[in-house]
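In the numbering used here, the protein residues as written are 1086 to 1661.
Don't be surprised by glycine CBs; every beta carbon is placed ideally from N, CA and C.
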């Protein structure tokens, strides 16, 4: 007797035969096998048809892929206003559904998309004001409603705000504004001018901004302009040591240093903040000169003695000796440490030399500069000739985000320690904002004589639209999703909009402890490049410019990770 257990698998759903009953006729079993075979053929054909359609039909994806030799670098498609009204989802960079993270809704109960629109409106006001009153000038005087410039850009109208704001416009979906900026750059941006500029500033703002715009939009003009400017900066490296001058004349190629910088020294944060942009220049052009210049700087520093393991802020480019023994994680030193970490991240974590240099530097900083105040606030002081000055600058507040960004990969399983350190710095910097009348942070604040996180000198009480505190909020949000960082960011938005917005744009204020502050009448280009961008990203999905694919330069311009398996950097001695 044929038992049910021997039937084909589908037959096991047939009721069990009672004893003595005849089995199924043989031809019925054969027919079922034939039917199954036919169904299998039909199913296979259907699957083949589906896969063929997936691979060969025209691509209607909302992402554009550019073949830069990078893995999975998807350029974000920005929805038009019309599309946005019919969609509850933000189009994001990379793949995956939009996730606002349930804990990320701030105490006001507002949807983060509403907050993004607020930042976009602020960007629109800043840009439109510049477009109307300062177009082509480097920056804007929003009270006087005219163009503005400083000596870092020389005496030329290089449109610093236009270049610095490019990627923020693109990310926020301000298409018409981006097009206007591109047209100005195509027609007016000229580097063959008799102007003495800061190598550091034009690198991070212009080359960084142009490269980011190129990678995001794919428009060739941005790469061409970046390379043209970079060629103009190379003569700055013509020194006895290869440490570049701080300033260079774009026309003559003659370089010099700031007169105030420790007997003609170059500054650590300036010559140490070229690596990201110059490596990308070599990658895009095949010219090894850029890569070789920045690697020479690293090799030279590696050979030098460092007092207490710390890097002084000044180095003489003629003698190769340190200048004044002043170490700071704020102004003069800050982005040197940032670029060591980001060189490692940008190399897809293969540049272990950069990572080791960063880890050693941070270990010395922890030992000598980081302290806790009597009130329990963690701060980073400044080392001056063997003495710790218990003062922290607004610029130093970026370090909270840096510690969080570098936590993964820390030696001796200290990832949790550095994430916590980042949180403590973020808290201290928030306190510096919260202890003012305007709820905006001062330029510097002290931790002595019973005062904590408060500015003492009048010339340290100003706020010039700086981004560093908000930058740290954004990194801490990305790594923890603690809603307080969005709440703190929203507080900053409200304060900036209330006290810094004027009819002609946004202005810095001279005293954050005064209820009736006076304006400094400058809308900084970094306000559009950094402050507003970080605020927008703080209330956006993690999928917008994910940190595993993008590394932000010190002016908040995103550059893609270079996957070393796909590229060769000409002139490199070894392939990391």
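ask   = Where does residue 1463 fall in DSSP's three states?
value = Within the chain shown, residue 1463 is the residue found at index 378, counting from 1. In the structure shown, residue 1463 sits in a strand (DSSP, three-state: E or B).
Opening and closing residue of the beta strand (DSSP E) in which residue 1635 lies = For the purposes of this step, residue 1635 is identified with residue 550 of the chain shown, where counting begins at 1. First-last of the beta strand (DSSP E) with residue 1635: 1635 to 1637.
query = At a cut of 8 Å, does the region 1330 to 1339 reach the region 1269 to 1283 through at least three beta carbon pairs?
reply = In short, these stretches touch, since the Cβ pair count reaches three.
message = Can you find the residues in the same chain that come closer than 6 Å, C-beta to C-beta, to residue 1349, ignoring five residues on each side of it along the sequence?
response = As a first step, residue 1349 is located in the chain shown; it is residue number 264 there, counting from the start. The answer, listed in chain order, is 1342.
inquiry  = One question on the structure: do residue 1511 and residue 1558 come within less than 8 Å of each other, judged by their Cβ atoms?
reply    = Within the chain shown, numbered from 1, the residue matching residue 1511 stands at position 426. Within the chain shown, numbered from 1, the residue matching residue 1558 stands at position 473. Yes; because the gap between Cβ atoms is below 8 Å, this pair is in contact.
task = Consult DSSP for residue 1564 and reduce its assignment to one of helix, strand or coil.
result = Residue mapping note: residue 1564 aligns to position 479 of the chain shown, counting from 1. Helix at residue 1564.
query = Between the Cα of residue 1453 and the Cα atoms of 1460, 1445 and 1459, which residue gives the shortest distance?
reply = Here residue 1453 refers to the residue found at position 368 of the chain shown. Considering only 1460, 1445 and 1459, the residue with the shortest C-alpha distance to residue 1453 is 1445.
task = Name the one or two DSSP bridge partners that residue 1308 has.
result = In the chain shown, the residue the question calls residue 1308 occupies position 223. According to DSSP, which records beta bridges pairwise, residue 1308 is partnered with nothing at all.
message = Less than 7 Å separating the Cβ of residue 1423 from some heavy atom of the ligand PLP?
response = Among the components modelled here there is no ligand, and therefore nothing to report on the ligand PLP.
task = Tell me residue 1477's beta-bridge partners as DSSP assigns them.
result = Locating residue 1477 in the chain shown gives position 392, counting from the first residue. Paired residue(s): 1530.
ask   = Cα separation between residue 1497 and residue 1212?
value = Numbered from its first residue, the chain shown carries residue 1497 at position 412. Numbered from its first residue, the chain shown carries residue 1212 at position 127. In a straight line, the C-alpha of residue 1497 is about 47 Å away from that of residue 1212.
ask   = Below 8 Å between beta carbons: does that hold for residue 1527 and residue 1479?
value = For the purposes of this step, residue 1527 is taken as residue 442 along the chain shown, with counting starting at 1. For the purposes of this step, residue 1479 is taken as residue 394 along the chain shown, with counting starting at 1. Closer than 8 Å, so yes.
query = What residues in its chain sit with their C-beta under 6 Å from that of residue 1052, if we drop five residues either side in the sequence?
reply = Residue numbering for the chain in the displayed model covers 1086 to 1661; residue 1052 lies beyond these limits and cannot be assessed.
ask   = Would you report the Cα separation of residue 1311 and residue 1292, rounded to the nearest angstrom?
value = If you number the chain shown from 1, residue 1311 lands on position 226. If you number the chain shown from 1, residue 1292 lands on position 207. Inter-residue distance for residue 1311 and residue 1292 is about 5 Å (C-alpha atoms, whole angstroms).
query = Where does residue 1592 fall in DSSP's three states?
reply = By 1-based counting over the chain shown, the position of residue 1592 is 507. In the structure shown, residue 1592 adopts coil according to DSSP, grouped into three states.
task = Quick one: grab the DSSP three-state call for residue 1427.
result = Residue mapping note: residue 1427 aligns to position 342 of the chain shown, counting from 1. Here residue 1427 sits in helix by DSSP.
query = If you draw a straight line from the C-alpha of residue 1377 to the C-alpha of residue 1518, how long is it?
reply = Taking the chain shown and counting its residues from 1, the one referred to as residue 1377 is at position 292. Taking the chain shown and counting its residues from 1, the one referred to as residue 1518 is at position 433. Cα-Cα distance, rounded: 42 Å.
inquiry  = Taking only three categories from DSSP, how would you classify residue 1227?
reply    = Taking the chain shown and counting its residues from 1, the one referred to as residue 1227 is at position 142. It is coil, neither helix nor strand.
key: Pair within 8 Å by beta-carbon distance, residue 1550 and residue 1591   = As a position in the chain shown, residue 1550 is number 465, starting the count at 1. As a position in the chain shown, residue 1591 is number 506, starting the count at 1. Cβ atoms of residue 1550 and residue 1591: closer than 8 Å.
ask   = From residue 1584 to residue 1575, what does the alpha carbon distance come to, in whole angstroms?
value = Counting from one through the chain shown, the residue named residue 1584 turns up at place 499. Counting from one through the chain shown, the residue named residue 1575 turns up at place 490. The C-alpha of residue 1584 lies about 14 Å from the C-alpha of residue 1575.
inquiry  = Can you tell me which residues form a DSSP beta bridge with residue 1352?
reply    = Along the chain shown, one-based indexing puts residue 1352 at 267. Residue 1352 is bridged to 1399.
ask   = Of the residues 1276, 1238 and 1290, which one's Cα is nearest the Cα of residue 1662?
value = Because the chain here runs from 1086 to 1661, residue 1662 falls outside it and cannot be looked at.
inquiry  = Between residue 1465 and chain C, is the shortest Cβ-Cβ distance under 8 Å, so that the two count as touching?
reply    = Protein chain content of the structure displayed is limited to a single chain, and chain C is not contained in it.
message = So the candidates are 1624, 1541 and 1247; which of them puts its Cα closest to the Cα of residue 1563?
response = Counting from one through the chain shown, the residue named residue 1563 turns up at place 478. The option with the nearest alpha carbon to residue 1563 is 1624.
DSSP-derived helix/strand/coil call for residue 1615 = Walking along the chain shown from the start, residue 1615 turns up at place 530. Residue 1615: helix per DSSP, three-state reduction.
task = Indicate whether residue 1215 and residue 1608 have their beta-carbon atoms separated by less than 8 Å.
result = The count along the chain shown starts at 1 and reaches residue 1215 at position 130. The count along the chain shown starts at 1 and reaches residue 1608 at position 523. Between residue 1215 and residue 1608, the C-beta spacing is below 8 Å.
When 1638, 1534, 1488 and 1588 are compared against residue 1226, the one with the closest alpha-carbon = As a position in the chain shown, residue 1226 is number 141, starting the count at 1. Ranking 1638, 1534, 1488 and 1588 by Cα distance to residue 1226 puts 1588 first.
ask   = In angstroms, rounded to a whole number, what distance separates the CA positions of residue 1582 and residue 1270?
value = Position 497 of the chain shown, counting from 1, holds the residue named residue 1582. Position 185 of the chain shown, counting from 1, holds the residue named residue 1270. For residue 1582 and residue 1270, the distance between alpha carbons rounds to 29 Å.
query = Across which residues does DSSP place residue 1241 in a beta bridge pair?
reply = As a position in the chain shown, residue 1241 is number 156, starting the count at 1. According to DSSP, which records beta bridges pairwise, residue 1241 is partnered with nothing at all.
message = Just to confirm the assignment, what range does the beta strand (DSSP E) spanning residue 1536 have?
response = Taking the chain shown and counting its residues from 1, one reaches residue 1536 at position 451. Here the beta strand (DSSP E) through residue 1536 covers 1536 to 1539.
ask   = In terms of residues, what are the limits of the alpha helix (DSSP H) holding residue 1441?
value = Locating residue 1441 in the chain shown gives position 356, where the first residue counts as 1. Residues 1437 to 1453.
Integer-rounded CB distance, given that residue 1523 should sit under 8 Å from residue 1597 = The residue given as residue 1597 occupies position 512 in the chain shown. The residue given as residue 1523 occupies position 438 in the chain shown. Confirmed, Cβ separation roughly 5 Å.
ask   = Given that a residue counts as buried once 16 or more other Cβ atoms are within 10 Å of its Cβ, and exposed if not, what is residue 1268?
value = Taking the chain shown and counting its residues from 1, one reaches residue 1268 at position 183. The residue is exposed, with fewer than 16 neighbouring Cβ atoms inside 10 Å.
ask   = Looking only at its own chain, which residues have a Cβ that is under 6 Å from the Cβ of residue 1554, when we skip the five neighbours before and after it?
value = One-based indexing of the chain shown puts residue 1554 at position 469. Cβ within range, chain order: 1482, 1514 and 1526.
ask   = With distances taken from CA atoms, which of 1373, 1606, 1617 and 1404 is nearest residue 1209?
value = Start at 1 with the first residue of the chain shown, and residue 1209 comes out as number 124. Among 1373, 1606, 1617 and 1404, the Cα nearest to that of residue 1209 belongs to 1617.
inquiry  = I believe residue 1315 touches residue 1375 by the beta-carbon criterion, under 8 Å. Please report the beta-carbon distance rounded to the nearest angstrom.
reply    = The residue given as residue 1315 occupies position 230 in the chain shown. The residue given as residue 1375 occupies position 290 in the chain shown. About 7 Å separates the two Cβ atoms, so the contact holds.
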